[in-house]
Amino acid sequence: MCGRTACSLGADNLRRACAYRDQRGHRRQPEWIRAESYRPSYNKGPQSSGPVLLSRRHLQQDADSSERVLMDMRWGLIPSWFKKDDPSKMQFNTSNCRSDTMLKKSSYKGALLKGKRCVVLADGFYEWQQQSGGKQPYFIYFPQTQDASVEGKEGDEEWRGWRLLTMAGIFDCWESPAGGEMLYTYTIITVDASKDVSFIHHRQVRAVKGAARMPAILDGDEAIRKWLDFAEVPTQEAVKLIQPTENIVFHPVSTFVNSIRNNTPECLAPIELGTKKEVKATPSSKVMLGWLKNSQEGSPQKKENYLPRWTSQFIHSTSPKKTSADILQQWLGKEGEPAAKKHKA
Numbered sequence: 027m028c029g030r031t032a033c034s035l036g037a038d039n040l041r042r043a044c045a046y047r048d049q050r051g052h053r054r055q056p057e058w059i060r061a062e063s064y065r066p067s068y069n070k071g072p073q074s075s076g077p078v079l080l081s082r083r084h085l086q087q088d089a090d091s092s093e094r095v096l097m098d099m100r101w102g103l104i105p106s107w108f109k110k111d112d113p114s115k116m117q118f119n120t121s122n123c124r125s126d127t128m129l130k131k132s133s134y135k136g137a138l139l140k141g142k143r144c145v146v147l148a149d150g151f152y153e154w155q156q157q158s159g160g161k162q163p164y165f166i167y168f169p170q171t172q173d174a175s176v177e178g179k180e181g182d183e184e185w186r187g188w189r190l191l192t193m194a195g196i197f198d199c200w201e202s203p204a205g206g207e208m209l210y211t212y213t214i215i216t217v218d219a220s221k222d223v224s225f226i227h228h229r230q231v232r233a234v235k236g237a238a239r240m241p242a243i244l245d246g247d248e249a250i251r252k253w254l255d256f257a258e259v260p261t262q263e264a265v266k267l268i269q270p271t272e273n274i275v276f277h278p279v280s281t282f283v284n285s286i287r288n289n290t291p292e293c294l295a296p297i298e299l300g301t302k303k304e305v306k307a308t309p310s311s312k313v314m315l316g317w318l319k320n321s322q323e324g325s326p327q328k329k330e331n332y333l334p335r336w337t338s339q340f341i342h343s344t345s346p347k348k349t350s351a352d353i354l355q356q357w358l359g360k361e362g363e364p365a366a367k368k369h370k371a
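Per the numbering used here, the very first residue in the sequence shown carries number 27; after that it's consecutive.
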């Protein structure tokens with residue numbers, strides 16, 4: 027399952043990181059809808075709000091269905107048919123939606139058949155491994171390129187920062203029977219865990235019936251385009267994109283992240299297992315933690331020129347030479363000892 031994520035970019039940088047090529051090949055950035063409601067977070071849980079991509083046609087019927095917009099939505103889907111006057115009265119958890127039952131359960135089937143597909147954005151997500159001494163949290167995300175550590179020029183429109191994790195979701199809009207503003211909510215689709223995520227889950231899976239789950243990750247702009255463009259790609263074709271992926275890396279983090287109240291860069295900073303579960307105060311870690319803190323101090327927009335930038339993850343020119351399994355190694359890890367590791371069977 028996916029019960030905790032991080033998305034620490036400010037609103038403007040998030041928009042730049044989601045740049046894409048339209049049908050004519052022109053570079054575009056998705057427009058923000060109600061950007062003022064978005065709040066970056068290193069520790070985001072269900073019932074909080076988070077950024078998603080969706081087709082503009084959901085909001086404007088005559089719009090090009092391939093055009094994308096960004097919107098801040100509440101995590102935990104409230105179906106449009108829900109009749110009570112308070113969404114918190116939902117009797118069951120809708121933060122995750124199993125891929126094998128999403129076309130059967132009424133909470134998701136109607137929205138999915140209407141094309142209400144979205145992409146949930148995050149730096150990565152957290153999972154916990156059951157150990158003899160308690161649960162060890164891990165942070166899971168896309169591999170990052172070496173070039174991600176290079177500063178862009180002042181005013182450069184190209185994004186050279188963190189590659190966002192792009193998860194398949196379903197959204198719906200609900201209106202209270204008493205009237206009022208529409209509430210947009212989403213759920214993250216889950217699939218059977220890949221080998222890497224299963225490694226984290228393996229101890230607890232033995233004690234719990236059923237396979238471990240992970241978010242359905244859309245890897246690359248073509249998959250994102252097909253998932254979002256509901257007018258061109260019917261549901262039966264789009265659901266074929268919902269598959270586990272092996273293109274992820276992870277590293278252990280401090281149990282500091284266990285409390286949802288903790289919302290600082292320490293939540294996702296790598297630690298070394300076998301030592302005291304605290305962030306190591308090395309010179310490189312101070313640099314990285316300082317960068318992360320700057321991204322949230324004061325107005326996010328005021329700090330965005332100081333964030334590392336790279337070409338949008340959705341726009342690919344030439345393939346990067348050699349990628350690093352972990353851009354955090356640049357800031358936090360020791361040279362030659364990446365904090366993020368891929369599990370080898």
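Note that the Cβ used here is the ideal one computed from N, Cα and C, for glycine as well.
Because the structure is a prediction, the values reported are computed rather than measured.
Extent of the continuous alpha helix (DSSP H) run through residue i
{"i": "R100", "result": "R100 -> not in any alpha helix (DSSP H); beta strand (DSSP E) instead, spanning 94-101."}
{"i": "Q87", "result": "First-last for Q87: undefined, no H or E at that position."}
{"i": "S133", "result": "132-139"}
{"i": "D38", "result": "37-43"}
{"i": "A32", "result": "Premise fails: A32 lies in the beta strand (DSSP E), 31-33, not in any alpha helix (DSSP H)."}
{"i": "W253", "result": "247-254"}
{"i": "T261", "result": "261-264"}
Buried or exposed by the 16-neighbour rule on C-beta atoms within 10 Å, applied to residue i
{"i": "A204", "result": "exposed"}
{"i": "Q170", "result": "buried"}
{"i": "A249", "result": "buried"}
{"i": "L35", "result": "buried"}
{"i": "A257", "result": "exposed"}
{"i": "E207", "result": "exposed"}
{"i": "G51", "result": "exposed"}
{"i": "G300", "result": "exposed"}
{"i": "K142", "result": "buried"}
{"i": "E292", "result": "buried"}
{"i": "P296", "result": "buried"}
Contact check, residue i vs residue j, beta carbons under 8 Å
{"i": "V275", "j": "Y164", "result": "no"}
{"i": "G187", "j": "A32", "result": "no"}
{"i": "T120", "j": "S106", "result": "no"}
{"i": "I226", "j": "M193", "result": "no"}
{"i": "F168", "j": "N273", "result": "yes"}
{"i": "T271", "j": "S125", "result": "no"}
{"i": "I268", "j": "A238", "result": "no"}
{"i": "Y152", "j": "R47", "result": "no"}
{"i": "I286", "j": "W200", "result": "no"}
{"i": "S92", "j": "D255", "result": "yes"}
{"i": "S67", "j": "S74", "result": "yes"}
{"i": "V283", "j": "N69", "result": "yes"}
{"i": "D149", "j": "L85", "result": "no"}
{"i": "R94", "j": "S81", "result": "yes"}
Boundaries of the beta strand (DSSP E) in which residue i is found, first to last residue
{"i": "D149", "result": "Run containing D149: none; DSSP gives neither H nor E here."}
{"i": "K373", "result": "Past the boundaries of the shown model lies residue 373; the chain is included only from 27 to 371, so the question cannot be answered."}
{"i": "K161", "result": "160-167"}
{"i": "D198", "result": "191-200"}
{"i": "Y212", "result": "209-218"}
{"i": "M124", "result": "Inspection of the sequence shows that residue 124 is occupied by Arg rather than by Met. Element bounds for R124: 122-124."}
{"i": "M240", "result": "239-241"}
{"i": "I297", "result": "That residue, I297, is in no beta strand (DSSP E); it is neither H nor E in DSSP."}
{"i": "S81", "result": "75-81"}
Beta-carbon proximity list for residue i, same chain, < 6 Å, skipping 5 on both sides
{"i": "D111", "result": "S202, P203, A204"}
{"i": "P72", "result": "W101, G102, S121"}
Test: residue i CB closer than 8 Å to a CB of chain C
{"i": "A45", "result": "Checking the listed chains, one finds no chain C in this structure; it contains a single protein chain."}
Cutoff 7 Å; reference residue i; Cβ partners in own chain excluding five residues on either side
{"i": "V78", "result": "M97, M99, C144, V145, V146, L147, G195, F197, Y212"}
{"i": "V259", "result": "K252"}
Beta-carbon proximity list for residue i, same chain, < 8 Å, skipping 5 on both sides
{"i": "S220", "result": "M240, P270, T271, E272, I274"}
{"i": "Q49", "result": "D90, S92"}
For the pair the region 246-263 and the region 146-165, tell me if three or more CB-CB distances fall below 8 Å. no
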